[in-house]
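Undergrad: Attaching a single structure in structure tokens format; questions to follow.
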Amino acid sequence: MTGGGDEAFIAAVKPLVDAMGGEMVPPDEAGADDVVLSWEGASVVAVRLPQLADSLDHILAALERRKGMPLADLDRRAKQEIVRGLEARGAFAVRHGVETVASALGVSRFTVYNYLNREKGS
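Heads up: the sequence shown runs through residues 1 to 122, numbered per the UniProt record's numbering.
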């Protein structure tokens, strides 16, 4: 990553990159799938996006930090809210998404499907 006034730009985008589970690398180390960010006409930083499955793990870990406890320790209503939020974010389009979420919540896949179907029936 470059020097000079670029540090402010990097500091500004870092929370977003961290929130999505990405990694910042120098632009000259960018791969074909990385996104190079430019500022004032110069390439400043490249963002290496996570794989979708890694993103789901990252989202679940962030939810756990936000709740201040393991997701498996939440009550049924809180778990249903988490499933609803994850569905809105497309978590169940990821291969093994239901299994990953069920494991994090300490419930069965069947229970996650019930939570999803309950929302669709409401």
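Ideal Cβ placement from N, Cα and C applies to all residues, glycine included.
If you check the beta carbons only, do V45 and L56 fall under 7 Å apart?
TA: no
Undergrad: Give the straight-line distance between the Cα atoms of L71 and H58, rounded to the nearest whole angstrom.
TA: 13 Å
Undergrad: Does DSSP classify L49 as helix, strand or coil?
TA: coil
Undergrad: At the level of alpha carbons, what is the spacing between T111 and W39?
TA: Looking at the two C-alpha atoms, the distance is approximately 47 Å.
Undergrad: Can you tell which of L49, R76, E7 has its C-alpha closest to the C-alpha of Y115?
TA: R76
Undergrad: Hey, how far is the Cα of Y97 from the Cα of D33?
TA: What sits at residue 97 in the sequence shown is Gly, not Tyr. C-alpha separation (whole angstroms): 23 Å.
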